[in-house]
Every structure is written in C-alpha cells, then in structure tokens.
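Chemist: In our numbering, the protein residues as written are 2 to 143.
A virtual CB, placed ideally from N, CA and C, is assigned to each residue, including glycine.
A quick note: this is a predicted structure, and the numbers were derived from the prediction, not measured.
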Ligand code: DQA
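(1) Can you say whether residue 41 is buried or exposed, counting buried as having 16 or more other CB atoms within 10 angstroms of its CB?
(2) Taking the alpha-carbon positions, what's the residue 35 to residue 97 distance?
(3) Quick check on the DSSP output: the beta strand (DSSP E) that includes residue 123 runs from which residue to which?
(4) Tell me where the beta strand (DSSP E) around residue 47 begins and ends.
(5) Based on Cα-Cα distance, which residue from 142, 43 and 58 lies nearest to residue 117?
(6) Quick check on the burial criterion: 16 or more other C-beta atoms within 10 angstroms. Buried or exposed for residue 20?
(7) List the residues that DSSP assigns as beta-bridge partners of residue 74.
(8) Return the chain-ordered list of same chain residues with a C-beta closer than 7 Å to the C-beta of residue 48, the five sequence neighbours on each side being excluded.
(9) Whole angstroms is fine: what's the gap from residue 61's alpha carbon to residue 72's?
(10) Does at least one heavy atom of ligand 1 sit under 6 Å from the Cβ of residue 103?
(11) Looking only at C-alpha atoms, which of 2, 63 and 128 sits nearest to residue 89?
(12) Determine the closest residue to residue 22 out of 123, 107, 139 and 79, with distance taken between C-alpha atoms.
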C-alpha cells in the first residue's frame, strides 16, 4: 500500500518558521520519521511539499491515479481559502486525512474555517509533528 503525504505553502521553512507555534522539527525530520513508521506498517510513503496550490491539486489527482490507499494533507494556509483543493478532495475516491501541527480552531478567527476539513475523512491537529504520525497510524487502518 501507498500513502501520499502532501504539504502546502511555507512548510518548507519548518524548523525556523515561528517555532513557538510549529516546533523546531524540519519537514525533512518529519518525512524521515514517517518513512520509518511507514516501513514498520508495511506502507510506502510518498512525501511532498509545494508552495503552489495547483501542484497540490495535481498531486491529489495523482494519488488516485497511483492507487494510493490514503492521502495525508497539510494544506497549510490553503486550508482556509481553497475551494479548489476542497473540490479536488471531493473529486477523488481516495480518503484524505487533514493534518496540522498547530490547532487552527484555537488560533485567529481566519483559521477557523477549513475547506479541507469539510471534505476530509479525519483530522489530526494540535499535536505538533506528532499530528502526522497519528494521522499515518489512522490511515494505515483504512
Ligand atoms: C498549519 C496551520 C495553518 O493555519 C497555517 O496556515 C499553516 C500551518 C499547521 O500545520 O498548523 O501554514 O497548517
């Protein structure tokens, strides 16, 4: 089984980006741990990041074409703005798990709407980098 892990804008800067909110792990640190966890679960991980909305949409389509079992998606800022990403999640029959390091629901009001969450099957938020590990454990059982 194959699981895509898709990361949106500014997550390439994890480690130095607002560490008081997002922690000090880099995206490579997170990818490495998911890789190990995937190996233990017998799941192949395809881990990607882009600052471009269209790439995330293309990759959601690709997840379906590749026969992925699930997608973990941290759409970052696009979570709260992108109807196109919402539509892409609805357009594929691969279950999507929403992931956030922080808990957007307890932050600024503009983060309280999640267009991703309205289309996703599950959400893990507020556990820092552990949100990804919890999401992978859940998705492995789909
Ligand atoms: C985030 C939360 C979003 O509100 C924010 O725009 C991000 C990161 C998180 O992982 O906590 O870029 O998705």
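Modeler: Reading it off the structure:
(1) With fewer than 16 Cβ atoms within 10 Å of its Cβ, residue 41 is classed as exposed.
(2) C-alpha separation (whole angstroms): 16 Å.
(3) First-last of the beta strand (DSSP E) with residue 123: 123-126.
(4) Unbroken beta strand (DSSP E) run through residue 47: 45-50.
(5) When 142, 43 and 58 are compared, the shortest CA-CA separation from residue 117 is found for 58.
(6) Answer is exposed; the Cβ neighbour count stays below 16.
(7) Residue 74 pairs with 7 and 99.
(8) Around residue 48: 6, 32 and 35.
(9) Each residue's CA atom was taken as its position, placing residue 61 and residue 72 some 8 Å apart.
(10) Yes, since a heavy atom of ligand 1 falls inside the 6 Å radius drawn around the Cβ of residue 103.
(11) Among 2, 63 and 128, the Cα nearest to that of residue 89 is on 63.
(12) With distances taken between Cα atoms, residue 22 lies closest to 107.
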